[in-house]
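Have a look at this one:
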């Protein structure tokens, strides 16, 4: 949005790879690439337009073992992998037979994005935002965050040797506070919820012209990073799309970009065209999109979040309306689960597959279960779920309900007496 | 009639001659927007849609409150209130 000072102006030397311009999702108004995020006509979100040219599976497979193998599909320069970055992506796609059996599913996969450098999918979006921010001449990498993004921005800025400025709600899990502070950037806790912090960041972005708030003023570039989740799932399945996918919904960007990735792969001929269903997962304590879906509304009503799933606690989700569009177009649904079910979901995934997901993962597993039990998800169809972050960041969620089996003296007698053989 | 301070987003500063913050008069948000229009012609149509409602991708705050949680355009704007207009497509 807006114009930058002349010294920061978009330079003709700026290289954003296959990106060609920005267009408004709402009114279609088109403008040049630059540090803009809201349509100057209607305030609608701007999306990157591309000219991809020809891209083959072999080109991608020959690329780096991280998201830069898809650089030809992202708004980043061709040599993006050569500048210091956290090299996220290509996380494992885990065949989850035991979880599938527990839920009565035929074939289930978990895309485990806790394996990223700062243990959440946010490393993907931040890496793309960092590359674009460099090209656009920004000097500081900043964000409002519910925690995972804070980790990713602070780490990426440290790695890139630039300043970070991170703003989070002060009631965040202590694990996420520590794992941001350790990187040594400017780190501010704000007495308010995420939506308050988000508002503050938008106002600061209007003052600090050389700060790239990754999810505010460079959001069109940033959001494209989530497409790599979709590309990877397709490639890891042997260049095909799943039948169904369940994605956690905070702002809704991840879900809409996975769908965008699938559509691009179809158009480029990299996968066979086939129908697939996209499902969204929310926590009952912050369920504006699920509520809109269930009521048949086109537009959601913002809520004030109250849930342990803090990484999903966005009461006014920027892409909530587009989530409704994708889910309805593909025949999916948006469902929500209680905090109790979130904790059960975390434990179920850990117990059956050895994957310790954060609360957002618990939301997704809980919603998967609810969708299967209510007959809205086909148990015979191939399903992928996203675990977007690491359970080590949300220990408080499970700390009250998990404990050692026994505490014994260091003797064989004590072991025998405990009855745990 | 109360005087309030309105924070203008970068995208609308072309209407305010580059000013990031302007004064406006009005006892409700609706009146404030009308007063802005009187001084900065064209700005109202950027904030409100053709039906006169706040655009879907605009968030307006009176004080700390998102007016969607209050009374929308009928939200009272007492003297000295800070009004903020912010693009909604942010975050997450």
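Chains as they are written, first to last, in the numbering used here: chain A, 17 to 437; chain B, 3 to 94. For glycine and all other residues, C-beta sits at the position ideal for the given N, C-alpha and C.
Distance between residue 384 of chain A and residue 362 of chain A (C-alpha atoms, nearest Å):
Your numbering for residue 362 of chain A matches position 346 in the first chain. Your numbering for residue 384 of chain A matches position 368 in the first chain. One C-alpha to the other measures close to 12 Å.
Does residue 86 of chain B have its Cβ less than 8 Å from a Cβ in chain A?
Position 84 of the second chain holds residue 86 of chain B. At least one chain A Cβ lies under 8 Å of residue 86 of chain B.
With 9 Å as the C-beta to C-beta threshold (strictly closer), list the residues of the region 10-29 of chain B near chain A in chain order.
10, 11, 12, 13, 14, 15, 16, 22
Measuring alpha carbon to alpha carbon, tell me which of A:299, A:325, A:307, A:398 ends up nearest residue 124 of chain A.
Here residue 124 of chain A is taken as the residue at index 108 of the first chain, counted from 1. Selected option, being the one with the closest Cα: A:398.
Where the alpha helix (DSSP H) containing residue 34 of chain B begins and where it ends:
Within the second chain, the letter at position 32 stands for residue 34 of chain B. For residue 34 of chain B, the uninterrupted alpha helix (DSSP H) segment begins and ends at 31-41.
Given a cut-off of 8 Å, decide if residue 152 of chain A and residue 159 of chain A are closer than it, judged by their beta-carbon atoms.
One-based indexing of the first chain puts residue 159 of chain A at position 143. One-based indexing of the first chain puts residue 152 of chain A at position 136. Not a contact, by the Cβ cut-off of 8 Å.
Comparing the C-beta of residue 30 of chain A with each C-beta of chain B, is any distance below 8 Å?
As a position in the first chain, residue 30 of chain A is number 14, starting the count at 1. Taking Cβ atoms only, chain B never reaches closer than 8 Å to residue 30 of chain A, which makes this a no.
At least one CB of chain B closer than 8 Å to the CB of residue 59 of chain A: is that the case?
For the purposes of this step, residue 59 of chain A is identified with residue 43 of the first chain, where counting begins at 1. Chain B contact via Cβ: present.
Over the uninterrupted beta strand (DSSP E) stretch that includes residue 111 of chain A, give me the two end residues.
Along the first chain, read from residue 1 onward, the residue named residue 111 of chain A stands at position 95. That run of the beta strand (DSSP E) goes 109-111.
Exposure of residue 3 of chain B, with buried meaning 16 or more beta-carbon neighbours within 10 Å
Taking the first residue of the second chain as position 1, residue 3 of chain B is located at position 1. Answer is exposed; the Cβ neighbour count stays below 16.
If we count Cβ pairs, one from each stretch, closer than 8 Å, do we get three or more for the region 267-285 of chain A versus the region 246-258 of chain A?
yes
List, in order along the chain, the chain B residues whose C-beta lies closer than 9 Å to that of residue 235 of chain A?
Against the first chain, residue 235 of chain A aligns to sequence position 219. Going along chain B in sequence order, the residues near residue 235 of chain A (Cβ under 9 Å) are 91, 92, 93, 94.
Is residue 140 of chain A close to chain B, meaning its C-beta is less than 8 Å from at least one C-beta of that chain?
Here residue 140 of chain A corresponds to residue number 124 of the first chain, with the count starting at 1. Residue 140 of chain A does not count as touching chain B.
Min CB distance residue 52 of chain B to chain A below 8 Å:
Sequence index remark: in the second chain, residue 52 of chain B carries index 50 (1-based). Not an interface residue.
Taking only beta carbons into account, state which residues of the region 50-82 of chain B come closer than 9 Å to chain A, listed in chain order.
51, 57, 58, 59, 60, 61, 63, 66, 68, 70, 71
Which first and last residues belong to the beta strand (DSSP E) in which residue 9 of chain B is found?
Looking up residue 9 of chain B in the second chain gives position 7. From DSSP, the beta strand (DSSP E) with residue 9 of chain B extends over 5-9.
Determine, for residue 164 of chain A, whether the minimum Cβ-Cβ distance to residues of chain B falls below 8 Å.
By 1-based counting over the first chain, the position of residue 164 of chain A is 148. No, no contact with chain B.
Given 8 Å as the limit, is there contact between the region 215-229 of chain A and the region 135-143 of chain A, that is, 3 or more CB pairs closer than that?
A contact between stretches requires three or more CB pairs, one per stretch, nearer than 8 Å, and the region 215-229 of chain A fails this requirement with the region 135-143 of chain A.
Restricting to runs no shorter than 4 residues, where is the alpha helix (DSSP H) found entirely within the region 222-264 of chain A?
235-240, 243-252
Does residue 244 of chain A pass the burial test, meaning 16 or more other C-beta atoms within 10 Å, or should it be called exposed?
Along the first chain, read from residue 1 onward, the residue named residue 244 of chain A stands at position 228. Result: buried.
The beta strand (DSSP E) with residue 290 of chain A in it runs from where to where?
On the first chain, residue 290 of chain A is found 274 positions in, with the first residue counted as 1. No beta strand (DSSP E) contains residue 290 of chain A, which DSSP labels as neither H nor E.
Residue 471 of chain A lies in the beta strand (DSSP E); which residues open and close that run?
The displayed coordinates of chain A run from 17 to 437. Any statement about residue 471 of chain A would go beyond what the structure contains.
Taking just the CA atoms, how far does residue 41 of chain B sit from residue 18 of chain B?
To locate residue 18 of chain B, count along the second chain from 1; it is residue 16. To locate residue 41 of chain B, count along the second chain from 1; it is residue 39. Near 9 Å, if we compare the C-alpha coordinates of residue 41 of chain B and residue 18 of chain B.
Select from the region 203-215 of chain A all residues with a C-beta closer than 7 Å to any C-beta belonging to chain B, and list them in chain order.
Hits within the stretch, in order: 214, 215.
Residue range of the beta strand (DSSP E) that residue 85 of chain B falls in?
Position 83 of the second chain holds residue 85 of chain B. Note, residue 85 of chain B: beta strand (DSSP E), 84-89.
Chain-ordered neighbours of residue 333 of chain A on chain B, where CB pairs are closer than 9 Å:
Within the first chain, residue 333 of chain A is the residue found at index 317, counting from 1. In chain order: 93, 94.
Chain B residues whose Cβ lies nearer than 8 Å to that of residue 42 of chain A
As a working note, residue 42 of chain A is residue 26 in the first chain. The contacting residues are 58, 59.
Report the partner residues of residue 65 of chain A according to the DSSP bridge assignment.
For the purposes of this step, residue 65 of chain A is identified with residue 49 of the first chain, where counting begins at 1. A:37, per the DSSP bridge assignment.
Once DSSP output is grouped into helix, strand and coil, what is the label at residue 219 of chain A?
Taking the first residue of the first chain as 1, we reach residue 219 of chain A at position 203. Residue 219 of chain A: helix per DSSP, three-state reduction.
CB contact flag (residue 136 of chain A, residue 167 of chain A, <8 Å)
For the purposes of this step, residue 136 of chain A is taken as the residue at position 120 of the first chain. For the purposes of this step, residue 167 of chain A is taken as the residue at position 151 of the first chain. In contact: residue 136 of chain A and residue 167 of chain A (Cβ atoms closer than 8 Å).
Reduced DSSP category for residue 19 of chain A - H, G, I as helix; E, B as strand; rest coil
Locating residue 19 of chain A in the first chain gives position 3, where the first residue counts as 1. Caution is warranted here: a pLDDT of 43 is assigned to residue 19 of chain A, below 50, making its placement in the model unreliable, and no coordinate value can be reported.
Which first and last residues belong to the alpha helix (DSSP H) in which residue 193 of chain A is found?
Looking up residue 193 of chain A in the first chain gives position 177. Its alpha helix (DSSP H) spans residues 190-197.
Excluding the 5 residues preceding and the 5 following residue 346 of chain A in the sequence, name in chain order all residues of the same chain whose CB lies nearer than 8 Å to its CB.
Within the first chain, numbered from 1, the residue matching residue 346 of chain A stands at position 330. Result list for residue 346 of chain A: 275, 291, 292, 293, 294, in chain order.
Using 8 Å as the threshold, is the region 385-392 of chain A in touch with the region 308-316 of chain A, meaning 3 or more CB pairs across them?
Fewer than three Cβ pairs drawn from the region 385-392 of chain A and the region 308-316 of chain A lie within less than 8 Å of each other, which leaves the two stretches out of contact.
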